[in-house]
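Peer 1:
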Amino acid sequence: NPELKAKIGFIPDNLSFFASYTMKNAVRYYKSIYPVWDEERYQEMMEKFQLKGIKKKINNFSKGMQKQAAFILVMCTHPQYLILDEPIDGLDPIIRKLVWKYIIDDVSEREMTVLVSSHNLREMEGICERMETLIDEMSNTRSSRLLAILNNYPIVSVNAHVRPFKKYWLNLICGIMVP
1 NPELKAKIGF IPDNLSFFAS YTMKNAVRYY KSIYPVWDEE RYQEMMEKFQ LKGIKKKINN
61 FSKGMQKQAA FILVMCTHPQ YLILDEPIDG LDPIIRKLVW KYIIDDVSER EMTVLVSSHN
121 LREMEGICER METLIDEMSN TRSSRLLAIL NNYPIVSVNA HVRPFKKYWL NLICGIMVP
């Protein structure tokens with residue numbers, strides 16, 4: 001469903017990019033598949049994240065730089081729903097604050113809904129409105145509980161995708177930020 005996909009931004013923990021893509025190539029690709037692309041925001045974020053002018057392939061970036069690149073690309077599509085798996089893993093403290101600033105600004109200004117999975121409980125406590133802990137294997141009870149929680153937030157259309165990604169929810173802390 002292209003209409004639904006256009007509303008969802010997803011940044012996995014294990015990133016993969018086309019092997020030969022630079023940021024310029026990635027931007028061209030994102031512009032071709034997403035109906036919304038904010039070029040002004042892209043330029044601003046590239047400067048703030050200090051990636052402007054870097055011409056090497058994204059695959060050759062450090063893990064932290066790859067996370068920043070993925071974050072910039074996704075945020076410039078103005079997703080209605082943002083799903084993040086270990087979003088700040090590999091980022092230094094200054095960049096972490098910048099990432100959360102952009103997310104919180106979009107939650108308050110655009111009413112974006114964010115679903116976060118992270119092992120970093122301390123950081124999530126200061127950011128998320130609602131948190132759930134899933135331990136060991138997700139039982140039907142735990143799975144049902146997570147779906148019930150999600151039903152209380154404007155992320156209902158994504159619920160069907162929670163079960164296929166069951167393995168990603170094991171031993172994770174899930175935080176939900178809503179407007």
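Quick note: the sequence shown uses my numbering, first residue 1, plus one each step. Every residue gets a Cβ at the ideal spot worked out from N, C-alpha and C, and that includes glycine.
1. Do Q80 and K5 have their beta-carbon atoms positioned less than 8 Å apart in this structure?
2. The beta strand (DSSP E) that contains L82, what's its start and end?
3. Three-state secondary structure (DSSP) at V116?
4. What's the call for G53, buried or exposed, on a 16-neighbour Cβ count within 10 Å?
5. For V116, count neighbouring Cβ atoms within 10 angstroms of its own Cβ and tell me buried if that reaches 16, exposed if not.
6. Going by CA-CA distance only, name the one from Y30, A70, H78 that's closest to D13.
7. Can you tell me whether DSSP reads I58 as helix, strand or coil?
8. Roughly how many whole angstroms lie between the Cα atoms of G90 and F61?
9. Determine the extent of the beta strand (DSSP E) in which I33 is found, giving its start and end residues.
10. Determine which residues share a DSSP beta bridge with F10 and list them.
11. If you check the beta carbons only, do M45 and I72 fall under 8 Å apart?
Peer 2: So, from the listed chains and residues:
1. no
2. 81–85
3. Strand.
4. exposed
5. Counting of Cβ neighbours within 10 angstroms places V116 among the buried residues, the total reaching 16 or more.
6. Check the Cα spacing between D13 and each of Y30, A70, H78: the tightest is with A70.
7. Judged by DSSP in its simplified three-state form, I58 adopts helix.
8. 12 Å
9. Note, I33: premise wrong, no beta strand (DSSP E); alpha helix (DSSP H) at 23–33.
10. Its beta-bridge partners are I83.
11. For M45 and I72, yes; Cβs fall inside 8 Å.
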